[in-house]
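Okay, so here's the structure we're looking at.
Protein chains in written order, with our numbering: chain G, 3 to 436; chain R, 3 to 436.
Right, dumping it as structure tokens:
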């Protein structure tokens with residue numbers, strides 16, 4: 003047994019006591035964590051400076067920017083932890099109650115998933131976010147962050163774990179994986195890890211899926227679409243399309259492909275394309291788009307499957323709502339798609355038939371985000387079709403158990419002739435075993 | 003592209019139209035299916051007879067019995083399909099609604115998972131069960147059944163698919179995999195299959211998990227425990243323990259290990275063990291159990307991890323509730339565990355700290371079943387800790403999407419100074435786009 007496997011086993015053992023922590027203890031721990039991070043910011047920022055010095059010039063600019071921790075970033079992390087304190091404790095709530103028979107009550111009771119593995123890139127603010135969400139929801143967690151920010155991540159992790167432990171949280175509940183080998187080792191620990199949440203590149207997520215039998219939740223890509231219907235307010239369409247592309251192009255919920263209905267293409271495309279160009283966006287169009295606005299690049303077949311994460315947009319003319327839906331369902335990454343239309347009948351068809359986590363009507367794709375959705379904090383965005391889909395808050399860290407309370411009932415009384423019949427009456431009741 | 007991959011792709015394409023089928027069409031199809039199976043029973047039973055002839059003497063007795071289809075079995079399947087008709091249509095319901103800002107409403111709307119793969123052993127009645135549940139919940143499905151019953155399964159599948167298709171259900175929505183190679187081929191189709199549900203042996207489920215990146219839901223083993231607390235009604239304890247073992251020992255929710263509190267062991271064990279023996283159960287005990295009742299076999303360390311599925315029981319003496327919980331959490335398959343106690347404080351500790359899908363108080367483990375839980379029908383029992391846990395009805399085939407309806411809102415207005423603030427007000431409202 004190596005060090006990491008041993009730590010994961012201990013964390014798994016801690017899941018049971020974590021799952022029954024009183025809300026007050028958890029909130030005290032979160033308060034300690036916020037205070038500790040606040041007061042030890044000098045140490046954290048100092049460690050971050052070392053990481054930044056090593057990374058300078060060696061990693062892409064946006065990545066360098068994302069791993070930077072300054073006073074404002076620490077303030078934001080501290081605020082984030084305090085906001086999780088104010089979230090309702092999700093553990094122990096009764097989701098449903100059914101009277102199976104006289105004196106035989108079945109309750110579906112919410113409980114933590116247990117032991118999580120979270121892998122992320124170089125953003126150190128993921129640590130306080132996920133650690134506070136896990137703590138509040140009674141889960142244990144093992145982290146692996148990007149190696150570029152290893153000193154920063156270790157510093158934040160240490161400060162937060164010590165602060166939590168001084169409030170009575172088992173120290174073993176939180177594990178930091180420091181190397182790629184550590185991470186590879188945990189992929190085999192399906193007996194101890196209940197769920198893996200990888201946040202990273204498409205190829206990384208597929209690597210994880212290919213090398214573990216632990217359930218994996220996350221998103222591999224963000225290829226989002228905006229469809230501009232013929233019956234729309236074109237000013238609104240322009241504004242939403244521009245915001246979806248340029249407001250923050252480097253993220254998964256930015257739009258990559260815009261589909262324009264052929265009935266308005268001649269009128270709308272020149273406006274859209276000139277606005278894109280004015281804002282520094284490279285435009286790639288299909289044949290019909292280029293026929294209307296020749297001075298753009300041609301979009302290749304690969305372009306429709308490309309997540310640019312950059313100031314590049316692919317534009318296509320389609321002949322109907324149905325064509326738009328077909329194109330989206332066969333090209334999107336099932337993350338977020340929007341329709342711009344005044345026709346609520348068409349909006350209904352779009353939202354029902356587009357198979358994506360988020361389907362928006364007359365709003366920017368950039369709203370696809372846990373904070374904007376009101377979840378308080380975000381574990382990640384899921385393009386899986388089980389458990390949790392779309393922006394995932396604390397609810398993605400919860401599952402349930404069935405609690406059945408009887409007075410000696412046996413199944414033999416419910417089979418054969420003269421069998422007792424089940425009642426199966428839904429009740430509005432809380433499980434009494436709290 | 004081979005035949006099977008082609009069929010799976012077509013089924014995946016059909017998921018969109020399946021997801022928007024009106025309830026009436028689905029119920030008509032179910033009614034057709036029930037009628038067709040009823041009237042074509044001669045054909046189905048005839049095909050089953052051929053399978054039975056081939057299998058006789060070559061497969062274990064219980065398996066032979068499970069694959070048998072007679073008139074009573076057909077009646078049961080027909081009743082099962084009709085009972086799914088009466089279940090509420092789960093598609094399109096609004097699970098939550100949040101006002102993000104003036105005129106910007108977010109709805110979480112229930113929708114089908116999409117394309118499922120279900121693998122099962124030789125029980126042909128799984129076909130009508132799963133097919134009717136998938137149809138009612140708007141899902142497409144590919145089946146692979148045990149090869150022993152291949153003629154029976156093909157006959158039932160054909161009758162049901164034709165009946166559904168005559169009511170307007172796309173024929174491509176249902177796929178039958180006829181060979182092991184077909185099944186291996188679909189493990190790579192993660193782009194088209196959203197969820198795999200294997201029902202089978204531990205080693206088979208692990209094989210599936212090891213060879214696909216498609217999410218897998220199911221249970222690998224059923225090692226269930228009954229803990230007899232010192233403060234209990236011993237008559238009740240005896241009755242529940244016996245029912246949990248002997249009422250139907252060949253299934254996953256039968257008990258394999260019984261833990262008896264040391265304070266009552268001398269009084270209770272002789273009664274329990276003699277009742278087990280009278281009912282033909284082989285008893286294996288730990289050292290302390292054998293010290294009290296010497297005339298039993300010794301339980302080896304492996305016995306505690308063994309799913310007997312047979313008239314064998316392992317019995318152990320424990321010193322406290324805490325010891326019982328520790329033992330269960332480290333030996334059970336997290337399926338179903340029961341405590342027999344009059345002390346509701348202890349019952350609360352047990353139900354909160356035992357990490358299993360079903361935790362029962364004073365009731366037989368054999369109640370762990372979709373029908374008994376009132377789910378109408380059962381897709382399977384999940385020991386996973388995500389998506390669906392325990393007996394899984396139609397709700398295990400559902401997920402949700404987020405529908406956001408605005409009037410042109412853009413994210414740039416919600417960032418920077420003078421940013422608009424989100425309201426995030428929970429509303430009791432239905433999504434208007436139905």
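Note that the Cβ used here is the ideal one computed from N, Cα and C, for glycine as well. What you are looking at is a predicted structure, and each value in this text was computed from that prediction instead of being measured.
Chain-ordered, the chain G residues with CB closer than 8 Å to the CB of residue 359/R read 403 and 404. When secondary structure is reduced to three states using DSSP, residue 119/G falls in the strand class.
The C-beta distance from residue 245/G to residue 413/R rounds to 6 Å, short enough to meet the 8 Å contact threshold.
For residue 186/G, there are no C-beta contacts with chain R under 8 Å, since the nearest C-beta of that chain is about 16 Å from it. Neighbours of residue 196/G in chain R, taken as residues whose beta carbon is under 9 Å from its own, are 386, 387 and 388 in chain order.
By the 16-neighbour rule on beta-carbons within 10 angstroms, residue 272/R is exposed. Scanning its chain for C-beta atoms nearer than 6 Å, with the 5 sequence neighbours on each side dropped, one finds around residue 394/G the residues 381, 382 and 384, in chain order. Judged by beta-carbon spacing, residue 161/R lies within the 9 Å limit of residue 46/R, meaning their Cβ atoms are closer than that value. Taking the CA atoms as reference points, residue 73/G sits about 14 Å from residue 38/G.
Around the Cβ of residue 282/G, a 10 Å sphere holds fewer than 16 other Cβ atoms; the residue is exposed. Residue 24/G counts as exposed, since fewer than 16 other beta carbons sit within 10 angstroms of its beta carbon.
Rounded to whole angstroms, the separation of the alpha carbons of residue 42/G and residue 67/G is 22 Å. In the same chain as residue 252/G, and ignoring 5 residues on each side of it, the C-beta atoms closer than 8 Å to its own belong to 64, 311 and 312, in chain order.
When Cβ-Cβ separations below 9 Å define contact, residue 331/G makes contact with chain R. The beta carbon of residue 251/R sits no closer than 9 Å to any beta carbon of chain G. Taken through DSSP and simplified to helix, strand or coil, residue 254/R comes out as coil. The C-alpha of residue 377/R lies about 34 Å from the C-alpha of residue 339/G.
Secondary structure of residue 331/G (DSSP, three-state): helix. Going by DSSP, residue 99/R is part of the beta strand (DSSP E) stretching over 96-103.
Nearest to residue 337/R by C-alpha distance, out of 348/R, 259/R and 234/R, is 259/R. Within the segment 313-359 of chain R, the complete beta strand (DSSP E) segments of 3 residues or longer fall at 314-320 and 338-342, listed in chain order.
Under the 9 Å criterion on CB atoms, residue 25/G is classed as non-interfacial with respect to chain R. Residue pairing for residue 259/G: DSSP places it in a beta bridge opposite 227/G and 316/G. Within chain G, the residues 410 and 412 have their CB atoms less than 8 Å from the CB of residue 241/R, given in chain order. Here the C-alpha atom of residue 193/G lies approximately 50 Å from the C-alpha atom of residue 241/G. By a beta-carbon distance limit of 8 Å, residue 257/G does not contact residue 270/G. Their separation comes to about 15 Å. Closer than 9 Å to the CB of residue 307/G there is not a single CB belonging to chain R. About 6 Å separates the Cβ atoms of residue 255/G and residue 226/G, confirming a contact at the 8 Å cut-off. Taking C-beta separations shorter than 8 Å and ignoring five residues to either side along the sequence, the partners of residue 82/G in its chain run 127, 130, 131, 134 and 379, following chain order.
Going by DSSP, residue 404/G is part of the beta strand (DSSP E) stretching over 400-411. From the beta-carbon of residue 236/G, no residue of chain R is found nearer than 7 Å; the closest lies around 11 Å away.
Taking a beta-carbon distance threshold of 9 Å, residue 87/R does not count as an interface residue toward chain G.
The C-alpha of residue 17/R lies about 40 Å from the C-alpha of residue 418/G. For residue 130/R, the three-state secondary structure derived from DSSP is helix. In chain G, no part has a C-beta under 9 Å from the C-beta of residue 7/R; the shortest such distance is about 16 Å. With contacts defined by Cβ atoms closer than 9 Å, residue 374/R and residue 250/R do not form a contacting pair.
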